Amino acid sequence: MREFKITTMVKECSVDELSKEDRELVDAAKEATRTSYAVYSKFHVGAAIRMADGSIVKGSNQENAAYPSGLCAERTAAFYASASHPGMAMKKIAIAAWTKLRMPENLEWEDYFQANPISPCGACRQALLEYEAAYGPIEVILYGREKTYILPSISSLLPFSFTEF
Ligand code: THU
Numbered sequence: 694m695r696e697f698k699i700t701t702m703v704k705e706c707s708v709d710e711l712s713k714e715d716r717e718l719v720d721a722a723k724e725a726t727r728t729s730y731a732v733y734s735k736f737h738v739g740a741a742i743r744m745a746d747g748s749i750v751k752g753s754n755q756e757n758a759a760y761p762s763g764l765c766a767e768r769t770a771a772f773y774a775s776a777s778h779p780g781m782a783m784k785k786i787a788i789a790a791w792t793k794l795r796m797p798e799n800l801e802w803e804d805y806f807q808a809n810p811i812s813p814c815g816a817c818r819q820a821l822l823e824y825e826a827a828y829g830p831i832e833v834i835l836y837g838r839e840k841t842y843i844l845p846s847i848s849s850l851l852p853f854s855f856t857e858f
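Dropping the structure here:
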């Protein structure tokens, strides 16, 4: 019997250490949270995808009274990206989220963002993996006020994944 370890490479940095292009992508993810429809959870998530042609496609979480009918920011952005740029590689995705729940009143908008990054749910990882398998690695930038994580690919977030049948 052979045992092996699967490792995930994560870079941790402050958002200020990112390149100008990556800071622009993070800012786009933060801006995208303004379009979130989060009337139930009050948790506003934004995602921004850098396409191979340099353009940015944004998405935000969209909730529904029938809860499972809503969609996360990451899949909203990825499906919009594929629908508007069919066949084009998605190079990077940045994700940001804020809530006023359990936070003091009257902070600046920027200060409501999560101190530690949030990470895409399993269903979003699976959906993004499909595009990664088709068009190449999608780098992941998870924004937090106190620290930002960078991962090299969606597959690094979803080992032993299902990509073909
Ligand atoms: N949500 C996202 O949009 N992305 C994530 O990575 C985690 C969760 C949304 C779904 C729901 O609208 C709200 O955040 C609370 O779970």
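Going by my numbering, the sequence shown wraps up at 858, each residue one higher than the last. Beta carbons: idealized from backbone N, C-alpha and C, even for Gly. These numbers come from a predicted model, not from an experiment.
Do you know offhand how far residue i's Cα is from residue j's?
i                 : j                 : result
proline 756       : lysine 704        : Per the sequence presented here, residue 756 reads as glutamate, with proline not at that position. Going by the C-alpha atoms only, they are around 31 Å apart.
lysine 713        : tyrosine 836      : 15 Å
alanine 808       : phenylalanine 697 : 34 Å
phenylalanine 858 : serine 849        : 21 Å
aspartate 709     : valine 719        : 11 Å
alanine 776       : tyrosine 824      : 12 Å
methionine 702    : proline 797       : 35 Å
proline 779       : isoleucine 699    : 32 Å
threonine 728     : arginine 743      : 18 Å
lysine 806        : tyrosine 828      : One detail in the question is off: residue 806 reads as phenylalanine in this sequence, not lysine. Their Cα atoms are separated by approximately 31 Å.
tyrosine 733      : arginine 695      : 47 Å
glutamate 717     : glycine 752       : 15 Å
alanine 816       : arginine 838      : 25 Å
glycine 763       : leucine 711       : 32 Å
aspartate 804     : asparagine 754    : 20 Å
phenylalanine 853 : alanine 758       : 34 Å
My understanding is that residue i touches residue j, with C-beta atoms under 8 Å, so please give their C-beta distance in whole angstroms.
i              : j             : result
alanine 721    : alanine 787   : 7 Å
isoleucine 834 : serine 846    : With 8 Å as the limit, isoleucine 834 and serine 846 do not qualify as a contact, their Cβ atoms being about 12 Å apart.
threonine 856  : alanine 826   : 5 Å
methionine 783 : alanine 766   : With a Cβ gap of about 14 Å, methionine 783 and alanine 766 do not count as contacting.
aspartate 739  : glutamate 724 : Checking the sequence, you will find glycine at residue 739 rather than aspartate. Confirmed, Cβ separation roughly 7 Å.
valine 750     : alanine 774   : 4 Å
threonine 841  : proline 813   : Contact flag wrong, Cβ pair sits at about 15 Å.
Taking 9 Å as the CB-CB limit, is residue i close to chain B?
i          : result
valine 719 : No chain B is present in this structure, which holds just one protein chain.
If you count every other CB in all the chains shown that lies within 10 Å of the CB of residue i, and 16 or more means buried, which is it?
i              : result
lysine 735     : exposed
cysteine 706   : exposed
lysine 793     : exposed
tryptophan 802 : exposed
arginine 768   : buried
alanine 741    : buried
asparagine 799 : exposed
aspartate 715  : buried
Using C-beta distances below 6 Å, list every residue in its chain close to residue i, excluding the 5 sequence neighbours before and after it, in chain order.
i              : result
leucine 851    : Arg818 and Leu822
isoleucine 843 : Lys704 and Ile834
histidine 737  : Thr726, Ser729, Ala731 and Trp791
Looking at the ligand SAH, does it come within less than 8 Å of residue i, judged from the CB to the closest heavy atom?
i          : result
valine 738 : Looking at this structure, you won't find the ligand SAH anywhere; what it does contain is the ligand THU.
With a CB to CB cut of under 8 Å and the five nearest residues on each side skipped, what residues in its chain are close to residue i?
i             : result
aspartate 785 : In the sequence as presented, aspartate is not what sits at residue 785; that position holds lysine. Asp715, Leu718, Ile742, Arg743, Ile831, Glu832, Val833 and Ile834, listed in sequence order.
tyrosine 760  : Tyr733
Between residue i and the rest of its own chain, which residues show a CB-CB distance below 7 Å, the 5 nearest in sequence each way excluded?
i              : result
methionine 781 : Met744, Ala745 and Asp746
Handout entry: In chain order, each beta strand (DSSP E) run of at least 3 residues that lies wholly inside the segment 737-778
Key = Within the segment 737-778, the complete beta strand (DSSP E) runs of at least 3 residues fall at 749-753.
Exercise for the section: Output the residue ranges of the beta strand (DSSP E) runs that lie fully inside the segment 779-804 and measure 3 residues or longer, sorted by chain position. Expected result: 783-792
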